[in-house]
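Chain order of the listed sequences is A and B. Per the working numbering, residue 1 is the first one in the first sequence, and the count goes up by one each step. Per the working numbering, residue 1001 is the first one in the second sequence, and the count goes up by one each step. Positions of the beta carbon are idealized from the N, C-alpha and C atoms, including for glycine. Treat the numbers as computed from the prediction; the structure is a model and nothing was measured. Following: one structure in structure tokens, then a few remarks.
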Amino acid sequence: MRDIQKVVVLGANGTMGAGSAEVFAAGGCEVTLLARSADKAQAGLESAQGMAKSATIGDLMKVGSYEADLESAVAGADLIFEALAEDLDIKKEFFGRVTKARQPDSIVATVSSGLSITEMAAAGDDSFAKHFLGIHLFNPPNVIVGTEVIPHNGTDPSLVAPIVEMLESRFGRVVTVCRDLPAFAGNRVGFKVLNEVAQLAEEHGIAKMDYLIGPYTGRAMQPLATVDLVGLDVHKAIVDNVHANTKDEAHAAFALPGYVEKLVANGHLGNKTGAKGGFYRRVKESGKNVRYTLDPATGDYKAPGDTKVEPVEFIEAMGKLHRVGRYQEAMQLFVDAKGPEADIARKVIFGYVSYALNRVGQGEVVEQARDVDRIMGFGFNWAPPTVLADAIGIKTTIAQIEKCGLEVPEVLAKAPADQPLFNEPHVNRGRFFAS
Amino acid sequence: MAEPVYVLGGYQTDFARNWTKENKHIMAMIREAVEGGLSETGIDPESIEVGHVGNFAAELYSMQGHLGAFLVDANPAFSGLPTARHEAACASGSIALLAASAEIEAGRYDTAMVVGVEQMKTVDPKTGGDYLGTAAWYEREAEGVDFPFPKLFGRLGDEYDKRYGLKDEHLAQISAVNYSNAKRNPLAQTRSWYMTEEHANSTDKFNSVIGGRIKVSDCSQVTDGAVALFLASRKGAEKYASQRGIDVDSLPRILGWGHRTAPIEFTTKVAESADNEYVLPHTRRAIVDAFERAGLSGVDDVDAIETHDCFTTSEYMAIDHFGLTKPGESWKAVEEGVIEIGGKTPINPSGGLIGAGHPVGATGCRQLLDAHKQVQGNAGDYQVDNAKTIATLNIGGSGTTSCCFIVGH
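As structure tokens, this is what we get:
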């Protein structure tokens, strides 16, 4: 593979573009940031400096506009990194220009999280297609190191291993190689859980579901608050895509609930539409931030006093155990807890473990459990499925999955009895359990 | 003849974690370190006879004292275990190690556990800076001062400048080397941060002055971290070795130690050393004591150093105090690449306090664990080739309490 020294970032004014530029420059590459205008690219450069907390990282960067500089920059580049809007037509138009200008052995990568890599690859000539693949960084890329690498069928197979190696050793990424299937690994598994929680919230309420599937289940943030952060429009795009283009055991979990459809239609997209909100709405009241919560039935936002969630005994007890590092004992409580709340929480969490590990193997999204573990752990900051299975015990996990009426993944069925499934020697499992 | 003290191994938590964001109590840190250590070494918890904790200021950061007692909570087998907590500011971890090794040397116990721990992200940086001020003479040197310690270690640089001359670009290079080493260390706090020599040389809103000549890039980090270590007598080490079918002499030992305390106030220290070629002669003495006890002729017998670099000036001081250069000529070792991985005597292959992080009470233990990893060839990407003998230097206060260990076979 060509040694990667010079990188061009297309769409460098966006968050992903600027963040990607920061990642490549931090690894020592000279990066040319391109946008509609050089001024916009300059804004991307400044944003990259802010991410690196360094002005001198800018010494490795140049800026330019598509109109004036694309062809010359692409001609001199070892890696062309596309971070344009998630619109296939726009991307194709740019790839048409890239294919004409690029060196025959330069790498072309897209940061796309949702579009088909195969379709994008077809926008250029044979050489373009051979050197084209997805490098899906997560937002913000300077903080979140989980990264998906997605070759398509026509990608030169000899490129994949050196690209993965380079991303890990030089750019500090934790890489998962995925097949070119809708939403790849992280978003396929992650948004299945998030959408399921959104569906359940229609009956049980937003605040209640965020409490039931809260940090104590192995995540940094409550699930629907996470969707508010990501944007409900992005959520819709991902689940609609998976729902339309896959058929798996959890197909129904990808159906966007009607009330969320309405929220998106009315421009309630989450944190980015501050005043309108999403699942939650932050309101300033006498100088303080107050979080109002959506009532899915009416579309109204209710004051904290009206959506107070009654504490559930096992969740409170688990939080106390996590707080002092007794994670396994906490997960034992999770298995043993009685009552409807425990049933809901177990269905979602064992659903996550089962669905994630079922994406492993022949014809599936990833080859090994380690791949899905890595992207859930380092892309989503969720407890990787095998960390949960290890903490609960493999046999118990299998029994619980069966009890929930879910498919038992082969990874678990064939797991050795005497050693943990999660095998990343330097990763602290405890970091995934919050209280 | 005192009993030899063997280092069986241990465990370090990921120093990039923010345990407050995880909503964790300091107990979780102690438990993860102990569980990790037991699992890493395969030591039977029943075989541990005594426990020591190194911690600086949990009373301030977490409103919690009596940390020795928390070891007992870390494993059911520890109920009744004799334990204690030790404090000497940033040298607390080394003091806990000295206490444990003294007991082994005296023949009281055969296997000891030492945990260094500090949870610092419970408070905002300014409050944390004020707490750290209690490692100096608070009323005279820290009260009402924003970030007193960078200012004190800035004065250490000024003292060098006055006596020998000091260029800030040498400090910038020390910072860049530590950050670069940290990129190789999967448990280092700054492993994914951006840093270059150019950045360390720059002064702007991204690399602002914290106090005197000390900029952000000259500082070690505010870190949550815990480290567990297991020490043993010859008898304890033989038992450990025979259970694993290995030769007891393949286990590293603490070959020598030094421990000196200077007057706490910085002004008194430099006044006392005015006519000495070493700016911190008691620190120099602690190093020489350790060399002598280990039977080493000097720094040439050492393959790498894990030193206290709470600021770049403290590492600059360590270079000549270890004897890598003549007093006042530390810059030569910096310029010649002596201190880099691959250099003659690499300093802080782990990234040190600047790169790996500085959970105050855990740092001395982290240094000894890294020394153990190096001499056992287990340091992964930050392994120093043929590392047989490693020195550590851990300092509390403004060069006040100095502890040095030599680890080897």
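State the Cα-Cα distance for the pair residue i and residue j, rounded to the nearest angstrom.
i: V227 (chain A); j: D210 (chain A); result: 11 Å
i: V164 (chain A); j: V175 (chain A); result: 7 Å
i: K62 (chain A); j: L33 (chain A); result: 6 Å
i: D306 (chain A); j: A413 (chain A); result: 45 Å
i: L1038 (chain B); j: A12 (chain A); result: 48 Å
i: I1341 (chain B); j: A1379 (chain B); result: 12 Å
i: G17 (chain A); j: P384 (chain A); result: 28 Å
i: F24 (chain A); j: E30 (chain A); result: 8 Å
i: D1224 (chain B); j: N153 (chain A); result: 45 Å
i: G393 (chain A); j: F1266 (chain B); result: 55 Å
i: L1172 (chain B); j: W1137 (chain B); result: It is Ala, not Leu, that sits at residue 1172 (chain B) in the sequence shown. Rounded to the nearest angstrom, the two C-alpha atoms are 28 Å apart.
i: Y1160 (chain B); j: L1166 (chain B); result: 6 Å
i: N1201 (chain B); j: A415 (chain A); result: 53 Å
i: G186 (chain A); j: E1306 (chain B); result: 39 Å
i: D39 (chain A); j: A21 (chain A); result: 16 Å
i: L357 (chain A); j: V387 (chain A); result: 12 Å
i: V1177 (chain B); j: V1338 (chain B); result: 11 Å
i: S1386 (chain B); j: I1254 (chain B); result: Residue identity differs from the one stated: residue 1386 (chain B) is Asn in this sequence, not Ser. Spanning the two alpha carbons is a distance of roughly 18 Å.
i: A1241 (chain B); j: C1404 (chain B); result: 26 Å
i: K1183 (chain B); j: R173 (chain A); result: 12 Å
i: D180 (chain A); j: H1409 (chain B); result: 53 Å
Got a sec? Which residues, its chain only, sit under 6 Å from residue i by beta carbon, not counting five neighbours each side?
i: Q1221 (chain B); result: Q1189, G1357, H1358
i: I4 (chain A); result: D78, L79
i: R1284 (chain B); result: Y1278, H1321
i: E249 (chain A); result: E407
For a contact meaning CB atoms closer than 9 Å, what does residue i contact in chain B?
i: H243 (chain A); result: Within chain B, no residue comes near H243 (chain A); the closest Cβ sits about 34 Å away, beyond 9 Å.
i: G377 (chain A); result: In chain order: nothing, as chain B lies at least about 12 Å away.
i: S466 (chain A); result: Residue 466 (chain A) falls outside the range modelled here, since chain A spans only 1 to 435, and no answer is possible.
Could you check what DSSP says for residue i in three-state terms: helix, strand or coil?
i: R282 (chain A); result: strand
i: H1170 (chain B); result: helix
i: L1098 (chain B); result: helix
i: M61 (chain A); result: strand
i: I117 (chain A); result: helix
i: H1259 (chain B); result: strand
i: R359 (chain A); result: coil
i: K192 (chain A); result: helix
i: Y66 (chain A); result: helix
i: P1349 (chain B); result: coil
i: V1114 (chain B); result: strand
i: L421 (chain A); result: coil
i: Q400 (chain A); result: helix
i: Y1316 (chain B); result: helix
i: I1429 (chain B); result: Limits of chain B in this structure are 1001 at one end and 1409 at the other, which puts residue 1429 (chain B) out of reach.
i: C1310 (chain B); result: coil
i: Q1243 (chain B); result: helix
i: N187 (chain A); result: helix
So which residues of chain B does residue i contact, with C-beta pairs closer than 7 Å?
i: T56 (chain A); result: T1196, E1198, H1199, S1202
i: D59 (chain A); result: E1198
i: A434 (chain A); result: E1022, N1023
i: A26 (chain A); result: Y1194
Spatial neighbours of residue i within its chain, please: CB distance less than 7 Å, with the 5 preceding and 5 following residues excluded, ordered by chain position.
i: G1128 (chain B); result: M1120, V1222
i: A220 (chain A); result: N381, A434
i: G76 (chain A); result: K6
In chain A, which residues lie with their C-beta within 8 Å of the C-beta of residue i?
i: D1014 (chain B); result: H426, V427, N428, R431
Which residues of chain A have a Cβ atom closer than 9 Å to the Cβ of residue i, listed in chain order?
i: R1108 (chain B); result: None at all; the shortest Cβ gap to chain A is about 29 Å.
i: R1017 (chain B); result: N428, G430, R431
i: Q1147 (chain B); result: Before going on, a small fix: residue 1147 (chain B) reads as Phe here, not Gln. Going along chain A, no residue has its Cβ under 9 Å from F1147 (chain B), so there is no contact; the nearest lies around 18 Å.
Is the Cβ of residue i closer than 8 Å to any Cβ of chain E?
i: N1023 (chain B); result: Although the question refers to chain E, the structure presented lacks it and instead comprises the protein chains A and B.
With a CB to CB cut of under 8 Å and the five nearest residues on each side skipped, what residues in its chain are close to residue i?
i: S112 (chain A); result: E82, E86, K91, M120, G134, H136
i: E1238 (chain B); result: V1248
Could you name the residues of chain B that residue i contacts, counting a contact when the two beta carbons are closer than 8 Å?
i: V145 (chain A); result: S1192
List the residues of chain A whose Cβ lies closer than 7 Å to the Cβ of residue i, in chain order.
i: F1078 (chain B); result: Result: empty, since nearest Cβ-Cβ is about 14 Å, beyond 7 Å.
Where the segment 1027-1051 of chain B meets chain A: residues whose CB sits under 7 Å from a CB there: From the segment 1027-1051 of chain B, only M1027, A1028, R1031, E1032 have a Cβ closer than 7 Å to chain A.
Contact list for the segment 320-333 of chain A against chain B, Cβ threshold 7 Å: Against chain B - using a Cβ distance shorter than 7 Å - the residues of the segment 320-333 of chain A are R323, V324, G325.
Residues within the segment 166-178 of chain A neighbouring chain B, beta-carbon criterion of under 7 Å: For the segment 166-178 of chain A, the beta-carbon criterion of a distance under 7 Å to any beta-carbon of chain B is satisfied by G172.
Contact residues within the segment 1169-1187 of chain B, judged by C-beta distance below 8 Å to chain A: Answer in chain order: K1183, P1186, L1187.
Chain B contacts made by the segment 38-55 of chain A, where a contact means CB separation under 9 Å: Listed by position, the residues of the segment 38-55 of chain A near chain B (Cβ gap below 9 Å) are Q49, G50, M51, A52, K53, S54, A55.
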